[in-house]
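Okay, so the sequence shown: first residue is 20 according to the numbering used here, each after it adds one. Each residue gets a CB set at the ideal place from its N, CA and C atoms; glycine is no exception.
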Amino acid sequence: MTTNSQTIPEKEQQPKKKFLGIPKEEWKIIGKEALTLLYIVTLGALIAICLLAKNGSKAEE
């Protein structure tokens, strides 16, 4: 009886999916942070391109 009750909690803990030793819940948080960083970098790049385009058009005139 004691062996059955001890093996059940271990089986309940096993389904937690891990990738590279990091739990799935942590990957969700990491993914959100990475997406936020990607948005910030993309926005910064777009602003830089717009500023360069404005300065380039002024230099041509």
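Proximity below 7 Å, CB of Lys-51 to CB of Lys-43:
no
Spatial neighbours of Ile-41 within its chain, please: C-beta separation below 8 Å, excluding the five flanking residues on both sides.
Ile-49
Simplified DSSP state of Lys-73, which is helix, strand or coil
helix
So, helix, strand or coil for Lys-36, using DSSP?
coil
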